[in-house]
Amino acid sequence: MSILWYFILIPVLTIVAILFTRDCKSTRVAAAGGMFLQLLMAVALLFMYFAQRNAGNGAEILFYTDHVWFPSLNIHFTTGVDGIAVSMIMLTAVVVFAGIFASWEMEDLSREFFISLIILATGVFGFFISLDLFTMFLFYELAVIPMYLLIGIWGSGPKEYAAMKLTLMLMSGSALLLVGLLGIYFSSVTVNGQHSFNILQIAQTPLPLSAQRYFFPFTFVGFGILGALFPLHTWSPDGHASAPTAVSMLHAGVLMKLGGYGCFRVAMFLMPQAANEMAWIFIILTTISVVYGAFGAIWQKDLKYINAYSSVSHCGLVIFALLMMNKTSMDGAIIQMISHGLMTALFFALIGMIYGRTHTRMINEMGGLMKVIPFLSVAYVIAGLASLGLPGLSGFVAEMTVFIGSFQHHDTFHRVATIIVTTSIVVTAVYILRVVGILLLGPIKDDHYHHLGDARWYEKLSAGSLIFSIAGIGIAPLWLSNIISGSLGPYVVRLAQAVTGF
Amino acid sequence: MNFADLLLMRQELMLTLLALTILILDISIHENRKDIITRIAIILFGAITLIGFIPMAQGELFGGMYRTNALLSSMKNVLNLGMFIVLLQSVRWIRLEKNREKASEYLILLFSTLIGMDFMISSGDFLMFYIGLELATIPATALAAVDRTSPNGAEAGIKFIFSSALSSGILLFGISFIYGTTGSIYFTEVAGRFGSNSLQILGFIFFMAGMGFKISLVPFHLWTADVYEGSPVNVAGYLSVISKGAAVFILVLLLFKVFGTIEKTWEDLLYILAISTMTIGNLFAIRQNNLKRFLAFSSIAQAGFILLGIMGADQAGITSVVYFMLIYVFTNLAAFGVVSVIYFETGNETITSYNGLYRTNPLLSLTMMLALFSLAGIPPVAGFFGKFFLFTAAASKGYYILLLVAVLNATVSLYYYLRVVKAMFIDKNDNPIPYFKSDLITRISLAICLSGIFFIGFFGFIYEYFFRLTVEF
């Protein structure tokens, strides 16, 4: 049994265990135990990956397993990971683990809550280990649908509206994606009279250019909706703002990465020529995403909206960097995914904890929190600094790599786009520092705040694990960068071929 | 002809015997002990369903009027499974005081429709096809009106019989054209002589219109919602699954067996029908509050998706249709099962009355949610696989525009399925449907449906089983 299968098996067993729990205490212990095991498995996977690489295993995909599922349609359950997938799995495991502890106080229908949350996580893990378009699509939808219940039942504010909007927009995305995937399938070369869903097999022979031109937009936009591609990002602010804490964390931290990862692994990898031809359209859109998201965040008064718009901006940067299609920028894109996943999860976790104490998320109603809840406030500052790209934290590594990579293009179009995108750093600094100034510093606005208690142990654990990862990447970025760029080779080669026309 | 040959018709013979047995029991058993008839019927029918899975030789009878093979038996098995679940779900309805005396007639009507459907599926010429169709339709109209005293029931019956008669007439008219131009009613001979003669095409169009009524394709769907609403829930479930399923099966068979030479023509026709059926069905479903009407329009939309599989027009296409129907049987009957048990216990059948249902009846709500997710095609439940394969079939022929319309329609359908989920799980209600304990047989039927919804998709061999059967098709 491949180690990768445990990433499906453990969540499923955790769900079964939760079904047998009686009260909310045992439920959360079961959930936390399962996800801790999952985190250990992710760490184990990381070390096994290193061990394989150090032993000189240069294969593109490690831990490859292949099981036939529907023979007549050539649908397989194919799993395997490269460095990029390993780092995404690591990210997911950390965020899910932190998410469970961030929702420690969930009492209303806690069993249902944790089960939905873990189903979502199962979808994400399954997506990252899949190499077959069918199972990839299956896990993608599996990750999206629990969001409806999670936001609808446990959310706040206009939750029904937000949940429906989010679900329908993401499902329209997956509808486009389905067209794209079936198009890829039927354009793939037939082996023994059968088309293939296997990414590696499809990649061996380039798809016909006409098919690429048809199906690249479907696939790219389909994944792009989940990656908050402008102008299809509107589900994101509403959805994030209404979602309960752990769901915002998982959603912004991990689920949106499915979009970027899919754009990269499916759309661009399988259809490089079309990607090269159409990149300019999406570069314009993502440039707008980045700048618009940053400016949008300035205007918001609700902490969650601020962070949601900032996510639009940062996720836009991911797709922007991918479209620059050189090794440095793509390396940066992947690091940005991980960095953003961690820090936005930290943001949402802290916002949830602060909201749990002050019962408001409006920044102008709060102030001076640093004096009463120092741990949470300091953690918030760290998240903010990571977000605006302070050296020593993960954000700096990611954004720096992206900008350097993007500027390597010599033509005006790419350089202008890069310069515009770079301005977002300044804007980010504005909205982050503004929030820190109003929210954490200054006088205490409300007398009730004097009695607020600081973080409990589970909150510290949640925030601490995320901060540890953020600082780890910031201080020692090379090991992450090495894992990723070691696996980028095949992608860069294919895209370079597309650019030069071979 | 010897006895062994007759055994080819074992399905129909056994059902006929069962119907006669019920008739005799009804006469001979005392009024107070009639409950036992239902039990005997369920047990015997369960046995028939099981026997249906025993592999059987293929062959022809009556000079080709009747034929059978493994694929046809598997279609009958799908219908049998559905009918078995319908029977289980009807028990609650039969036990109502006003329906006790109707138990036997209800069962006999149900079984005669099934006999008709089996003959229709096994037909080798248009005559047998038409007899089977009518044998399936006329008792079905009686079933729709089985609530004789309620005005809605009478309305449903009248609407159903009128539209059925009209559609049968149109169908016959089409068949007469086909007979007139080819000189034969045998499928094999008609297929050989069918060309692009415009009179033949006209006959085919009439034939399609007639079938459109039976499957309730837009624009021939207008009877559907009213009939479902007026008939008891168990009958509505039966109509939406068994009746429709049989019509879909025979349509697939005829399109390929008889009209294979004009594939281009009927693909164009189905293209338009598929788009209109999906879109109109979905748009109307959005507006419904009565769950029976809601499910009626949802089943119209599902028929539109099925057409995509038919348009795949090859082995994978036919397989996807049969496979989807199997999943649809379990899924739709799970939804109707929940609606019926709630209706019989509390008298509620509107979406708004389901508000807050999860807090009082969690298991029923979960069942309903899984059924709706399966209808919407959400993984990991079986509906996802069914729909995916239908779409794959359409894509294999290059119908990408149609596919796009279909997937967007699937998203729209998700919206209204989520409305019900929202009512049950999210909406608050000060006065929700109180907790009740449903009876054992209903729970068994729902458990069967749920296991179908869960496992059919995962078990790839079920799809492969149908795929192998369609080879000989």
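For the record, the sequence lines run as chains A and B.
Residues 715 to 1216 in this note's numbering are what the first sequence spells out, letter by letter.
Residues 60 to 532 in this note's numbering are what the second sequence spells out, letter by letter.
Virtual Cβ for every residue (Gly too), placed ideally from N, Cα, C.
query: May I have the straight-line CA-CA distance separating M755(A) from L192(B), to the nearest angstrom?; result: 59 Å
query: Within a Cβ cutoff of 7 Å, which residues of the same chain sit near G894(A), ignoring the five residues on either side of it in sequence?; result: F929, F932, T933 and G936
query: Anything in the segment 772-795 of chain A with a Cβ closer than 9 Å to a Cβ of chain B? List those residues in chain order, please.; result: V782, W783, F784, P785, S786, L787 and I789
query: Within its chain, find whatever has a CB closer than 7 Å to the CB of G1046(A); leave out the 5 residues flanking it on each side and keep chain order.; result: A1035, A1112, T1115, V1116 and G1119
query: Kindly indicate which residue of R1170(A), V1144(A), V980(A) and F811(A) has the alpha-carbon position closest to the one of L891(A).; result: V980(A)
query: Quick check: is the beta carbon of I437(B) nearer than 9 Å to any beta carbon in chain A?; result: yes
query: Between the C-alpha atoms of S1176(A) and H280(B), what's the straight-line distance to the nearest angstrom?; result: 56 Å
query: Since G1007(A) and S1027(A) should fall inside the 8 Å C-beta cutoff, what is the C-beta to C-beta distance between them, to a whole number of angstroms?; result: 3 Å
query: Indicate whether at least one CB of chain A lies closer than 9 Å to the CB of F343(B).; result: no
query: Could you list which residues in chain B have their beta carbon closer than 8 Å to that of I867(A), in chain order?; result: F484 and I485
query: Please list the segments of the alpha helix (DSSP H) lying wholly inside the segment 1037-1091 of chain A, counting only runs of 4 or more residues, in order along the chain.; result: 1041-1072 and 1083-1086
query: Between the alpha carbons of I1096(A) and V961(A), how many angstroms are there, rounded?; result: 21 Å
query: DSSP state of Q148(B), grouped into three classes?; result: helix
query: List the endpoints of the continuous alpha helix (DSSP H) containing Y330(B).; result: E322 to I345
query: Identify whether W783(A) lies in helix, strand or coil by the three-state DSSP scheme.; result: strand
query: Which one of K316(B), L434(B) and L310(B) has the shortest CA to CA distance from Q361(B)?; result: L434(B)
query: Please report the residue range of the alpha helix (DSSP H) in which G897(A) lies.; result: K873 to S901
query: Grouping DSSP H, G and I as helix and E and B as strand, with all else coil, what is R126(B)?; result: strand
query: Identify which residue in P438(B), S302(B) and L449(B) has its Cα closest to the Cα of V380(B).; result: L449(B)
query: Taking the continuous beta strand (DSSP E) assigned at H790(A), which residues delimit it?; result: I789 to V795
query: My assumption, with CB atoms under 8 Å, is that V1135(A) sits in contact with V1004(A). Please give the rounded CB distance.; result: 5 Å
query: Would you kindly report the start and end of the unbroken alpha helix (DSSP H) that includes L556(B)?; result: In this structure chain B extends from 60 to 532, so residue 556(B) is not present and cannot be described.
query: Under a CB-based cut-off of 9 Å, is E821(A) close to chain B?; result: no
query: Indicate whether A835(A) and S1179(A) have their beta-carbon atoms separated by less than 9 Å.; result: no
query: With the cut-off set at 9 Å, would you say E202(B) and V307(B) are in Cβ contact?; result: Checking the displayed sequence, the identity of residue 202(B) turns out to be Leu instead of Glu. No. Outside cutoff.
query: Looking only at its chain, what residues have a beta carbon closer than 7 Å to the beta carbon of I507(B), apart from the 5 residues adjacent to it on each side?; result: I144
query: Does chain A have any CB closer than 9 Å to the CB of T241(B)?; result: no
query: List, in order along the chain, the chain A residues whose C-beta lies closer than 7 Å to that of S510(B)?; result: Within 7 Å Cβ-Cβ: nothing; S510(B) doesn't reach chain A, min ~16 Å.
query: If we count the other Cβ atoms within 10 Å of its Cβ and call it buried at 16 or more, is N91(B) buried or exposed?; result: exposed
query: Is it true that the CB of R98(B) sits closer than 9 Å to the CB of V400(B)?; result: no
query: Please report the residue range of the beta strand (DSSP E) in which L120(B) lies.; result: G118 to L120
query: Report yes or no: do three or more beta-carbon pairs, one from the segment 455-471 of chain B and one from the segment 403-422 of chain B, lie closer than 8 Å?; result: no
query: Quick check: what's the CA-CA separation for S817(A) versus G1082(A)?; result: 25 Å
query: Rounding to the nearest angstrom, what Cα-Cα distance links L120(B) and F62(B) in this structure?; result: 12 Å
query: Please tell me whether F526(B) has its Cβ less than 9 Å away from any Cβ of chain A.; result: yes
query: Could you give the DSSP three-state label for F1216(A): helix, strand or coil?; result: Residue confidence is low: F1216(A) scores 48 on pLDDT, short of 50, so the model does not pin down where it sits. Its coordinate-derived value is still stated next. Residue state, collapsed to three classes: coil.
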